[in-house]
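Asker: Dropping a structure here in structure tokens format, bear with me for questions.
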Amino acid sequence: PSILSVEPERQVGVQLFQWNWPSVGRECTEVLGPNQFAFVLLSPAQEHIVGEQWWTSYQPVSYQLESKLGTRDEFEEMVSTCHEAGVKVIADAVINHMAGIDGGTGVAGTEFTHYEYPGLYGPDDFHTCDTPGGDIVNYVDQQEVQECELSNLADLRTGEPEVQSTIVSYLDDLTSLGVDGFRIDAAKHMHHRDVQEIVDQLSGDPIIISEVIRASSEPIQPEDYLEIGSVFAFQVAKDLAGLVPGGALHRALDLKDGQVPSEQAYTFVTNHDTERNRQTLSYKDADKYRVANYLLLAQPYGTPVLYSGYAFTDRDEGAPQTDGGVDDVECATPSDDPAPGDWLCQHRTDAGMAEWVAVVGDEPIGDLWREGYAIGFDRGDRGLIVINGNSTLDVSPELTTSLPDGAYCNAADLPPSGAEDRCADGEFIVADGKVTVPVSPMSAVALHVNLRSA
Ligand code: LAG
Ligand code: CA
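Numbering (mature numbering (1 follows the signal peptide of the UniProt record, and there is no 0)), first residue to last: 8 to 461.
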């Protein structure tokens, strides 16, 4: 029989929240590369304030690449390791602000005060603002959102040429180490003109993903940033949080985020902020979270970014660390009740799905099968998925499919190793355009043409 096999086109990314550089590199080699992940999104790499909380990463004190996540050398090594595995690296660029505390010594030894960062910035480089504490209070006032302080974080005059060139040197330094793109942290808090001017001065042609959290009542919208590059599609995450518990899984097929075109939307189920403020589903939602991830990956809108963090009880709680450095990641055994500090490695559960997405590519959604809280459909003649959102009922539809005949394995159920002989004995038999697909509650079966028995 002619085994149609497809050149996979990597698409799926993963945010490895607070992973140190050596652990990121190892993950690229062992899991992300073999499973056709496209990119990894890092936590911030620059020097930051001292403290056990995760969010010290978001309080820069210098642009030295020395942080709780590793050294400059470790960073450089990680980037090349990931590249060797075929995985791109997106850095988290905290450029709206510097630290939000009175002063101190950073993790690499830089002494600073709130508005003085030796060799980089002095008081004139920061906005001043006459709101209480200089903070942003009123999100309906564009100027206030962009020129006052976000939680006391010293707000850079990002419209000024000298500030811009300091930021550009920092980002170019990351590019010189091989970084492929940037998440622009707190992009909403910088005028899109400022971000555009900074991006225009960067060397190379990095991927740009602006973080502009959509709120319908506000004057600043993600659409304002589309000329600069892509944006994170927060609306998709919020919609998934609503529709999975409600059981209306088919509504995930119409997902979009306002007027953001698919090619410029980075979609996700959760990130480090939303899993803490409970705006989205997270590991705490156990099987609902897993179903939401299947939906995210199954539908064609946007570029999916999986999330991988650690269990926590207190929102400030940092990742497990020793002497100020985050420990190497060791994935905990999957559990619906993990202990605080356990590395969850949620993305590994979906490792085989990253390849499924790479294989189905842009193929459109075929005819929809629907029964109760379960849905199923083809993606062209390359893949098929059935997602069962029923919490107690099995489903077992006999589907009409465009998949070529063969014995398929379940990509949603592969070990993360990406082993050679992944489908020795395919149990899902496509014959004459029909296939029966048994799926247990709150799980999925995903077939693709590159995962068949010979
Ligand atoms: C972001 N995107 O726009 C990050 O995704 C988000 O995680 C960052 O907040 C925020 N913007 C600034 O980069 C995080 C924490 C905050 C934390 C902040 C700075 O969610 O809780 O604020 O990082 O570390 C903390 C305290 C505040 C305090 C502030 C300054 O929670 O009470 O005012 O530090 O000292
Ligand atoms: Ca600002």
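Glycine included, every Cβ here is placed at the ideal spot set by N, Cα and C.
How about residue 314: is its Cβ closer than 8 Å to a heavy atom in ligand 1?
Answerer: Checking every heavy atom of ligand 1 against the Cβ of residue 314, none is found closer than 8 Å.
Asker: Helix, strand or coil for residue 447 per DSSP?
Answerer: Looking at residue 447 - three-state DSSP - the assignment turns out to be coil, as it is neither helix nor strand.
Asker: Taking only three categories from DSSP, how would you classify residue 363?
Answerer: In this structure, residue 363 counts as helix in the three-state DSSP scheme.
Asker: Report yes if the C-beta distance between residue 390 and residue 455 is below 9 Å; otherwise report no.
Answerer: Against a cut-off of 9 Å, the Cβ pair of residue 455 and residue 390 comes out as a contact.
Asker: Excluding the 5 residues preceding and the 5 following residue 447 in the sequence, name in chain order all residues of the same chain whose CB lies nearer than 6 Å to its CB.
Answerer: Only 401 meet the Cβ criterion.
Asker: Taking the DSSP output, what are the residues bridged to residue 413?
Answerer: In the DSSP output, where bridge partners are listed per residue, residue 413 has 437.
Asker: Can you tell me whether residue 26 is helix, strand or coil according to DSSP?
Answerer: Coil.
Asker: Helix, strand or coil, according to DSSP, for residue 356 in the structure here?
Answerer: Residue 356 falls in the helix class under three-state DSSP.
Asker: Anyone know if the C-beta pair for residue 133 and residue 125 falls short of 9 Å?
Answerer: No; because the gap between Cβ atoms is not below 9 Å, this pair is not in contact.
Asker: With residue 205 as the anchor, note down where its alpha helix (DSSP H) starts and where it stops.
Answerer: Run containing residue 205: 199-207, per the alpha helix (DSSP H) assignment.
Asker: Determine the burial state of residue 421: buried for a count of at least 16 other Cβ atoms within 10 Å of its Cβ, exposed for fewer.
Answerer: Residue 421 is buried by the Cβ-count criterion.
Asker: Less than 9 Å between the beta carbons of residue 353 and residue 315, yes or no?
Answerer: Taking 9 Å as the Cβ cut-off, residue 353 and residue 315 qualify as a contacting pair.
Asker: At a cut-off of 8 Å, would you count residue 169 as near ligand 2, judging by its Cβ distance to the nearest heavy atom?
Answerer: No, the beta carbon of residue 169 sits no closer than 8 Å to any heavy atom of ligand 2.
Asker: Enumerate in chain order the residues of its own chain whose CB-to-CB distance from residue 228 is below 8 Å, with the five nearest sequence positions on each side excluded.
Answerer: So the list reads 219, 221, 265, once near-sequence residues are dropped.
Asker: Going by DSSP in three states, residue 35 sits in which element: helix, strand or coil?
Answerer: In the structure shown, residue 35 sits in a helix (DSSP, three-state: H, G or I).
Asker: Please report the distance separating the alpha-carbon of residue 323 from that of residue 348.
Answerer: For residue 323 and residue 348, the distance between alpha carbons rounds to 12 Å.
Asker: Can you check DSSP and say which residues form a bridge with residue 136?
Answerer: DSSP lists no partner for residue 136.
Asker: What does a CB cutoff of less than 6 Å around residue 42 pick up in its chain, not counting 5 residues either side in sequence?
Answerer: So the qualifying residues of the chain are 358, 361, 362, 425.
Asker: Restricting to Cα atoms, I'd like to know which of 445, 175, 332, 24 is closest to residue 74.
Answerer: The shortest C-alpha separation from residue 74 is found at 332.
Asker: May I have the straight-line CA-CA distance separating residue 226 from residue 434, to the nearest angstrom?
Answerer: If you take the alpha carbons of residue 226 and residue 434, they lie about 53 Å apart.
Asker: Given 8 Å as the limit, tell me if residue 197 has its C-beta closer than that to any heavy atom belonging to ligand 2.
Answerer: Checking every heavy atom of ligand 2 against the Cβ of residue 197, one is found closer than 8 Å.
Asker: How would you write the range of the alpha helix (DSSP H) that residue 273 sits in, first residue to last?
Answerer: Looking at the DSSP string, residue 273 is not in any alpha helix (DSSP H); the run it does join, the beta strand (DSSP E), is 272-274.
Asker: Give me the residue from 44, 76, 116 with the minimum Cα distance to residue 69.
Answerer: The candidate whose alpha carbon is nearest that of residue 69 is 116.
Asker: Going by DSSP, name the residue or residues bridged to residue 394.
Answerer: DSSP output for residue 394 lists 382, 451 as bridge partner(s).
Asker: Hey, is residue 26 close to ligand 1, as in C-beta under 8 Å from one of its heavy atoms?
Answerer: For ligand 1, not one heavy atom lies less than 8 Å from the Cβ of residue 26.
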